[in-house]
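Okay, structure first, notes after.
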Amino acid sequence: MPGANRGRRKREDRPIWLREVPAPRSWDYSRKYQIIFEQASDAIFTVLPDGRIDAINAAAQELTGYIAQEVLGSNVSLLVPDSNQAHLPERSRPFSLEMLKTAGTYEEVALKRKDGYVRLVDLRVSLVQGEGQELAVLLLRDQTERRQMERENITKYTELRRANMELERKNAELRSMKESLVQAGKLIALGELAAGTAHELNQPLQGIRGYAQELRDLLDGEVTKPERMMAVREIISCSDKMAGIIRNMRDLTRKSVENFEAVDVHAVIEDALKLFTRQLEHRGIEVIKDYGTAIPRVFANALQLEQIFINLIGNARDAIEATGRGRGVLRIQTTAEAGTVVIRFRDDGTGMTEKIRGRIFDPFFTTKEPGRGMGLGLSLSMGMISRINGTLLVDSELGKGTEFVIRLPEDFREVEQSDSDPDTLSS
């Protein structure tokens, strides 16, 4: 009938949820799981309780270099690396049969390939029960490249860090050199100021001495108050000492010239001690002079030697004063040893730590309070001694005092000539 289908809708016009869905084709589950096993990106082994390899997927073949026919039925120990023949990466552990007895995850396991090379893997062991026997399932993920990249990154980071530290050290040296130049400029200005001051002080000092001499002449013969004459004589004596100090200051600040000559080291030591006589007495410091006999003269600059001795005596004074004892001993000893004059300055002051002892010859390094030292004395002394092929060594221990040992050749020109003599070099 024409109107019989009027109220019906075609099947294609029905909503999708009302349509009949055809039944899916049935899967062979063993085949499906075989495909999953083969297509897995991780290497998979199944191992029997006696250690024989039961199954191996494509990823495992690629990882180990073996094809399935070579390893199926073989013992899994063929993957164990020989530590005597193969180089095992640091922090890794070799693959072993003991790992198959307990379920768990092992990181950075060293696995031997067919070609003998070692690969690093993360190993996961699962134990499953099937058909009356336990089966070990091994999942291995190759981490060789990733670990290598990590180590390379660590190495590069270490190299960058060392380079950065070296750069910082260079920057620190540049800053130190800049500060040294500034300090050297200040020192030059200070030296010029000291020379000018010494010259200016010398004029009024001579006036004081002249008036004191006239007063002495006026009081000469007066018997009623002899203490007046004693006071005037003391003024004249102190004026003479001050004039000597100013004269030494002017000599030290005078522009240095290479005036080398045969120098008596004992005479130079005595000249240096004159600047410290009152200071040492005031601090209770006894100076013991242990001068050797038949000490030869040395070819050197007397003013430079005096400056060196002044630095060492001044340092000994400060070290003894820092003990707070109010007394101390400075021993100065000279000896002659096979063409060399050895001069030792030994004090019983505070001494130095090993860290400080290693830096005392650095320019502008000082442990003194601001205003009491610029840290140039020992550095300049080392430079002046080195120029004449001498040596300056220090032996010190905290709480046990300090000893400086100077070794000067009798004539540094002979030493230089012997160093450059071809016959001497060939011998």
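Take any residue in the sequence shown, note its place counting from 1, add 1, and you have its number in the working numbering.
Glycine included, C-beta positions come from ideal geometry on N, C-alpha and C.
Residue range T341 to D348 is occupied by the beta strand (DSSP E) that includes R345. Cβ atoms of I386 and I361 stay farther apart than 8 Å, at about 14 Å. Under DSSP, no beta-bridge partner is assigned to G384. V264: member of the beta strand (DSSP E) spanning F261 to V264, first to last residue. Around the beta carbon of K113, 16 or more other beta carbons lie within 10 angstroms, which makes this residue buried.
With a 10 Å radius around the Cβ and a threshold of 16 neighbouring Cβ atoms, E307 comes out buried. If only uninterrupted beta strand (DSSP E) runs of at least 3 residues are considered, those enclosed by the stretch 127–191 are 134–143. Boundaries around F46 are those of the beta strand (DSSP E), A44 to V48, since no alpha helix (DSSP H) includes it.
When DSSP assignments are scanned along the stretch 56–134, the uninterrupted stretches of beta strand (DSSP E) that are 3 or more residues long and fall wholly within it turn out to be 105–113 and 119–131. Secondary structure note for F310: its alpha helix (DSSP H) is the uninterrupted segment A303 to A323. Of the candidates P297, G359, F300 and E282, the residue whose Cα lies closest to the Cα of G329 is E282. In the DSSP assignment, T278 falls outside any beta strand (DSSP E) and lies within the alpha helix (DSSP H) extending over T278 to H283.
Cβ contact annotation for A104 (same chain, cutoff 8 Å, sequence separation greater than five): V126, S127 and L128, in chain order. The secondary-structure analysis by DSSP pairs A41 with nothing; it has no beta-bridge partner.
Distance from the Cα of G359 is smallest, within the candidate group Q334, T335 and V395, for V395. Around the C-beta of A303, 16 or more other C-beta atoms lie within 10 Å, and the residue is accordingly described as buried. For S397, the closest alpha carbon among the candidates V266, R347, E411 and L379 is that of R347. When rounded, the separation of the alpha-carbon atoms in E262 and L202 is 31 Å. Annotated three-state conformation of R210 is helix, per DSSP.
Proximity to I237 across E39, T351, I209 and K401 peaks at I209, based on C-alpha coordinates. By the Cβ test, the stretch 331–345 is in contact with the stretch 290–298, since at least three Cβ pairs between them sit closer than 8 Å. Counted as a single uninterrupted DSSP element, the stretch harbouring R408 is not any alpha helix (DSSP H) but the beta strand (DSSP E) occupying residues T403 to P410. In this structure A61 touches A44 by the C-beta definition: roughly 4 Å separates them, less than 8 Å. For L276, the closest C-alpha among the options D412, G315 and K171 is that of G315. Secondary structure of E287 (DSSP, three-state): strand. Between V48 and the set E39, E180, Q35 and K102, the nearest pair of CA atoms involves K102. Residue state for R414 is assigned as helix, using DSSP reduced to three classes. According to the DSSP assignment, I357 belongs to the alpha helix (DSSP H) that extends over E355 to R358. It is roughly 10 Å from the alpha-carbon of V122 to the alpha-carbon of R147. With 16 or more other Cβ atoms from the protein chains shown falling within 10 Å of its own Cβ, T351 counts as buried.
In this chain, the beta strand (DSSP E) harbouring L331 covers G329 to E338. In this model, A41 and N58 are separated by some 8 Å (Cα to Cα). In the three-state reduction of the DSSP assignment, I54 falls in the strand class, which pools E and B.
Per the DSSP secondary-structure output, V299 pairs in a beta bridge with V264.
Taking the Cα of S240 as reference, the smallest distance to any Cα among K33, E151 and Q204 is reached at Q204.
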